[in-house]
Each structure stands twice: as C-alpha cells, then as structure tokens.
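Number of protein chains: 2
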Amino acid sequence: MTTIRDVARISGYSVSTVSRVLNHKNYVSDEVRKNIQKVIAELDYVPNDVARDLSRGRTMNIGVVVPNIDHPYYTDIVRGIMAAAFAAGYNVLMLPSKYDAVVEHGYLDQLRRHAFDGLIFTSHTMPVADMVPYKQYGEVVVCHDPGQIDISAAFTERGPSYRAAFRWVQRRHYRRVGLVLPRDIDISATSSATITAYKDVFGVEPEPSLIRTGVMSYDDGYAAAEYYGTNNLAPDFIFANGDDIAAGVLQYYRDGHLTPPTVMGQENQLSGQLLGIPTIDHHFRDVGAAALRLAIGAAEGQFPVHSDFIPR
Amino acid sequence: MTTIRDVARISGYSVSTVSRVLNHKNYVSDEVRKNIQKVIAELDYVPNDVARDLSRGRTMNIGVVVPNIDHPYYTDIVRGIMAAAFAAGYNVLMLPSKYDAVVEHGYLDQLRRHAFDGLIFTSHTMPVADMVPYKQYGEVVVCHDPGQIDISAAFTERGPSYRAAFRWVQRRHYRRVGLVLPRDIDISATSSATITAYKDVFGVEPEPSLIRTGVMSYDDGYAAAEYYGTNNLAPDFIFANGDDIAAGVLQYYRDGHLTPPTVMGQENQLSGQLLGIPTIDHHFRDVGAAALRLAIGAAEGQFPVHSDFIPR
DNA sequence: TTGTACGCGTTATCAA
DNA sequence: TTGATAACGCGTACAA
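Quick note, the sequences are listed as chains H and C, same order.
At position 98 of the first sequence (counting the first as 1) the number is 98 in full-length UniProt numbering, and the numbers step up by one without a gap.
At position 29 of the second sequence (counting the first as 1) the number is 29 in full-length UniProt numbering, and the numbers step up by one without a gap.
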C-alpha cells in the first residue's frame, strides 16, 4: 500500500507539504503543488480514509436504526435520510434492530466507540430517556415527538391530520370505529396519537374491543379483520395504520363474500390508490431529511413536519 | 476521552495486557484480568473503533450501491444483505447512485481508500469490466450474471422462470406481446434476459414497436400503456417488470374504460396479489444474502439463485 | 505471563 | 512557504 510518506519521499518534500496539497490548503507554492500532484498521479496514490478519520476524530458516517426495512414508513424515511446525507457528503450506516432494546443499546455503544458521528432512531423500543446520556458521544436523533425529554427529534405532526381524518369519519356518522394500530399504546407514539385524536374529535374513549395492536403488515391487517369477524364485533369503519394493512383488512371481507366496512389507510401507498380509499400522507421523506440535518449537527432541537389527510 | 493508556496507567499494567483483556486473548492471569476489568468498568472505558480499524486494517463495513431505494428489487435485496451482515457482525453502508456512472466510480474509490472492506453493486450503469481493477482493494460484487468477466456475483437465474412465463403466454395464444422493460437492453441484464427468453420460446424476435424501456414505476407503467393506446399498437398481452408497474398499465385502460390486455408482473408484490395477476418471484432476499457472503470473503465465485413463476 | 516499543496512515502544531 | 514531529488510539511482534 502506498502511503503519504512514499509520496513525500519520492517527491522530495515532507509529508506535511503533501498533506497540504491533498487537502487543498494554502501555503503551498504552485510549483511544489504541481510536482507533488505529479508524483501522486504516478504512484496512483489515494489517502486512507480510516487513518484520516482517526486523525480528524470523525467518520462522516451516520448510523440509522431501522426495525424492518420492508415497512413503507422506513423506506420513505430512509430515502429522505440518504438524499440529505449524500448532499452533505455523509455515508449512511443501516442498523437493523427488530425492535430489540438490547440491539438498540448496542448501537448506542457503537456511537460511543466512535463508529459513527451521529445516530438516528427511525423507531425504537428502549425508553428515550435512556438515550440522553449518550448525547455526549455524538448526536442522537429520534423520529417521533419526544415530549419533555431533551433530545433532537424530527417527526410528523400526526395530531392535525388524524383529527381531520376522524372529523371526516364523524361527518359520515360511523358508529363503531375499529382502530388497527402498530404497537402497544404505551410504547408507540403512533398508537397513542391515534387514541388522543379520537378522543379529541369524538369526546369519548374508543371502544376497547375494537382496538387491535401489533398490526404491521398486510397479513396482520387480514388477521385483525378476521378477529372482528369471528367475534361479531361488526365495525362500520376501520382506521388502519397503512394502506397495505387496509388492503389486508378488505381482503378478509372479500374472501368471505361479506360487505366490508369503510376503511381508511395511511402512507399514501399504491395499494390505497388502487383501492380508492382515503389516506394520510405523513411526508416521511421530509422527516428523514430533517433527521439527518440534526444528526450531522447542521440543525438543533425539534422538527415537526406537517402531514396531509387525503379524502377519497 | 479515556484511552487504553489511561486504563493501563491507572490499573498499573501495560497497554498490551489491557489490550489482551479487551480482546479476550490468552496469556492473562485471572487475577490481572479481574483487576483490569474493574478499572475498565470504573473509567467506563470503551475502545475506539476507528483506531481499531486502522490498526487491524479493516473496517467491518460493507458498501451497498443502490440506485433508488424505493424499488422493491432493492428493498428486498438490501433486506437480505442486512440480515446476513448483521449475523456476520458487519455494518452496511448505503450508497445511493441514481444510476450515475461517475458516482459509482466514486464508491469504488472509497473502497480503494479503505472506507469499507467490500462493495456490492445491486445494480449499476458503468461497465462491469471497469470494476475488475478494483478487486485488489477489496471484494467487489455485482448482482447480475457477469458473463465471462471475472468478478464475484450473486443473481437470480431469470432464464428458466422467464421461459416458463412465456410458455404460459404461448399456451394461451397471445399474438401481440408487449414488453415493458426497466432500462436499455445493452445496459440492463434484466431487459436482455427477457428478450432472450422471448426468442427461446417464440422462436422470433419480439415486435420492436411493442418494446418499451425505461419503465421503473407505476407511473412509468401507466405511460407505457398510454403509448400503446395512443399509437393503436393494441397488444393482447403485456409482460411488465414488476407488479406495481403492471398495476400502472391496467390503470390506464381502466381510466379510459377500455378492455385491458392480459398482464403479467414480477416481484410477487402486494399489488399483483390484489389484482390477481401472474408474477415471478425472484427471491431477491436470497440474492442479497449470497452477495454479502461474497463481499465479506466468506464465499467466492458466482451464486445463481433459483426464481419461480407464479401463475394465477 | 507480562511489558516495551513500534507500526497503522493521516492531520495538526510549531519551529524554521 | 516548508519541514520535523507529535498526536490520534489501538494491536502486536518481540523481548523479558
């Protein structure tokens, strides 16, 4: 491997002068610069990024914790992160977590070991408060509203669009509203925001028997509908946490030749468009871009992003 | 920042002994190990990954070049890569390319600068032959059949499933088969494999006016169908490069209240399931897993992966 | 079993 | 404007 010392020796100048040429710094005469560049070209020399990172004390890498890449929430948010990272000259490290708190802690430790400069949690199981001590080692960013906890965050403002959606439901006089939610209400910001918006609009708690949690996919949506069906719960409206999930819900009724309730999805996915159901666009790409800017220290604090209810 | 030297100084042992404890090596007495581990715990010391990488000469990072993350081909293949990387203790660096050959070359240069140990091209625009010289700097892996070129590769064997699909078409006596392909035939392995399989089954070249390239998305599929429609090309069957794309094709006819041709998709996506169209499952997760094993040097050579035609 | 000292390749400080 | 040299933090022959 050819090093900066080889270039120095062969060109007849010192490593510091070569380093200055490499980094386009001043205090190098045009002639010397030209000579050194010629040797660099001849030797086909390139600097070693790891040595450079060690010397500079930063990696230009940002870690992104992702429970499962197949969910549209994550692909959208990761797209936004990647685009912003590329523009800023950063590389993105994908860190799969499967919602495992132990694995999540492992990534915080990697941050501490300087494996990357910043860490974005697109979602997580561990308590946000446990992340705070790690801020001293690099930027830590979450992608939901962290409430009172002092941590950088970028997230969609679900309240307004959820309330708009439920007012739409209310105007149509649906009586039995099924809520098909991703994870338990105490750990999922999405789920709790849904419940809160429901209460804001309807003035009452949602019917507990009509709430299904742990629903993340088309198949889960199908199973949730099956649960409603076999237990004779007969919702006349179902609010799902994604268009694909809503598609699974509808398929259950279709397979059983039953009249389906009205359904609403989220994420503005192709399946929702095909089925002609109302949805909510959370603009997750913008959330991702904002999260990255926080992670590289180009911005600070909390970044709420506007979301849109799309009636159909 | 506390370093290994601090641990050595405070514990009263040398850095090499501390290093041995850190790396669970032999030749350390239990008592010394315990003393040192106590100091490590007290100081809350963790080793610096960058320094470790520099010293060891490798990063445990694998770069993955991805033109656009939203396409199902890439999300599936990346999922396979991530799962295998996680299992092997590697981190995955996502490298967006937008099919730009200059950007692709930039990532090969990053490999040369030791930013990662291996590089996987899920797809690319630059010629494969241009990658060969970079093999000296680390593993370079492509995700299509590289033909005679000596480079590691993991890819779906498209031939058998494409031929099975076209035989299905043939048995149904379709006469005017539209081919809706991703990129130009000379740069896309997918496109050329489609043409070859068509010729194998039908014994003739596909009708040039019925071939559309550059079709990557639902919207592109819609536009391709529009092209057929406005030019009175009247295909009676359309072979699309994805179920979502096939959905776009069908939507054009639906919007115009026209009788659609029969369509076939690929990727076994939700949209294809909803529309009840035949498709091809390429098992891209397995391809990704194989690609990673090649990239970390756990395997060598070419890894063809079997794909399945799914009639419906 | 433990310690010394050097190498990894670069950047940054300070002197010349 | 250029150069010598000390960091950066860790791993590892080799010596003891």
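Glycine residues also receive a C-beta, built at the ideal position from the N, C-alpha and C atoms.
Note that this is a predicted model, so its numbers are computed, not measured.
Supposed contact pair residue j and residue i - C-beta distance, whole angstroms, cut 8 Å
{"i": "H/T196", "j": "H/H282", "result": "About 16 Å; that fails the 8 Å criterion."}
{"i": "H/A225", "j": "H/Y252", "result": "4 Å"}
{"i": "H/S152", "j": "H/L43", "result": "Rounded, the Cβ-Cβ distance is 43 Å, inconsistent with contact."}
{"i": "H/P72", "j": "H/E267", "result": "5 Å"}
{"i": "C/I69", "j": "H/R79", "result": "5 Å"}
{"i": "C/V201", "j": "C/R167", "result": "6 Å"}
{"i": "C/D308", "j": "C/I280", "result": "7 Å"}
{"i": "C/G221", "j": "C/A246", "result": "6 Å"}
Closest residue to residue i among the options (Cα-Cα distance)
{"i": "C/E139", "options": "C/R163, C/H114, C/R33, C/Q148", "result": "C/H114"}
{"i": "H/D255", "options": "C/L274, C/F303, C/H105, C/L258", "result": "C/L274"}
{"i": "H/A223", "options": "H/A240, H/E207, H/P208", "result": "H/A240"}
{"i": "H/P278", "options": "H/A164, H/R176, H/M216, H/V15", "result": "H/A164"}
{"i": "C/N35", "options": "C/I10, C/G265, C/N26", "result": "C/I10"}
{"i": "C/G242", "options": "C/V204, C/Y227, C/S271", "result": "C/S271"}
{"i": "C/N91", "options": "C/D109, C/T59, C/G288, C/S209", "result": "C/T59"}
{"i": "C/Y137", "options": "H/A290, H/Y45, H/N26, H/L250", "result": "H/Y45"}
{"i": "H/Y99", "options": "H/W168, H/Y162, H/M216, H/S16", "result": "H/M216"}
{"i": "H/V287", "options": "H/T3, H/A101, H/T17, H/V141", "result": "H/V141"}
{"i": "H/A154", "options": "H/D130, H/I69, H/A189, H/H173", "result": "H/A189"}
{"i": "C/S161", "options": "C/H306, C/R312, C/S14", "result": "C/H306"}
{"i": "H/L292", "options": "H/L93, H/P206, H/S192, H/S14", "result": "H/L93"}
{"i": "C/S191", "options": "C/S209, C/Q302, C/G301, C/G214", "result": "C/G214"}
{"i": "H/G301", "options": "H/K25, H/F309, H/C143", "result": "H/C143"}
{"i": "H/L119", "options": "H/D186, H/V28, H/I296, H/G57", "result": "H/I296"}
{"i": "H/F303", "options": "H/H105, H/L181, H/A290", "result": "H/A290"}
{"i": "C/Y218", "options": "C/I238, C/A193, C/N23, C/V249", "result": "C/V249"}
{"i": "C/V180", "options": "C/F284, C/P96, C/I238", "result": "C/I238"}
{"i": "C/I185", "options": "C/Q170, C/H173, C/P206, C/V169", "result": "C/P206"}
{"i": "H/T262", "options": "H/V39, H/T2, H/H24, H/R176", "result": "H/R176"}
Residue i (DSSP reduced to helix, strand or coil)
{"i": "H/I296", "result": "coil"}
{"i": "C/V204", "result": "coil"}
{"i": "C/T196", "result": "helix"}
{"i": "H/M94", "result": "strand"}
{"i": "H/R254", "result": "helix"}
{"i": "H/N61", "result": "strand"}
{"i": "C/M264", "result": "strand"}
{"i": "H/T156", "result": "strand"}
{"i": "C/I81", "result": "helix"}
{"i": "residue 313 of chain C", "result": "Residue numbering for chain C in the displayed model covers 1 to 312; residue 313 of chain C lies beyond these limits and cannot be assessed."}
{"i": "H/L181", "result": "coil"}
{"i": "H/R212", "result": "strand"}
{"i": "H/P47", "result": "coil"}
{"i": "C/F303", "result": "strand"}
{"i": "H/F309", "result": "strand"}
{"i": "H/V66", "result": "strand"}
{"i": "H/T3", "result": "coil"}
{"i": "H/G89", "result": "coil"}
{"i": "C/N35", "result": "helix"}
{"i": "C/F166", "result": "helix"}
{"i": "H/V28", "result": "coil"}
{"i": "residue 315 of chain H", "result": "Nothing about residue 315 of chain H can be read from this structure; chain H reaches only from 1 to 312."}
{"i": "C/H105", "result": "helix"}
{"i": "H/I40", "result": "helix"}
{"i": "H/A246", "result": "helix"}
{"i": "C/Y99", "result": "coil"}
{"i": "H/G12", "result": "coil"}
{"i": "C/S161", "result": "helix"}
{"i": "residue 335 of chain C", "result": "Shown here, chain C extends from 1 to 312; a query on residue 335 of chain C therefore has no answer."}
{"i": "H/R56", "result": "helix"}
Heavy atom of the ligand NAD within 7 Å of residue i beta-carbon
{"i": "H/Y252", "result": "Ligands are entirely absent from the displayed structure, and the ligand NAD is therefore not among its contents."}
*Quick check: the segment 64-79 of chain H against the segment 117-134 of chain H, are there 3 or more CB pairs under 8 Å?*
yes
*Where in the segment 118-152 of chain H do unbroken runs of the beta strand (DSSP E), each at least 3 residues long, occur, reported from the N-terminal end onward?*
118-121, 139-142
*For the segment 147-166 of chain H against the segment 86-95 of chain C, are there 3 or more C-beta pairs whose distance is under 8 Å?*
no
*Would you call the segment 105-120 of chain H and the segment 47-59 of chain C touching, i.e. three or more CB-CB distances under 8 Å?*
yes
*Which parts of the segment 266-297 of chain C are runs of the beta strand (DSSP E), unbroken and 3 residues or longer, counting only runs that do not cross its ends?*
279-281
*May I ask you to verify whether the segment 231-247 of chain H touches the segment 256-264 of chain C, counting CB pairs closer than 8 Å and requiring at least 3?*
no
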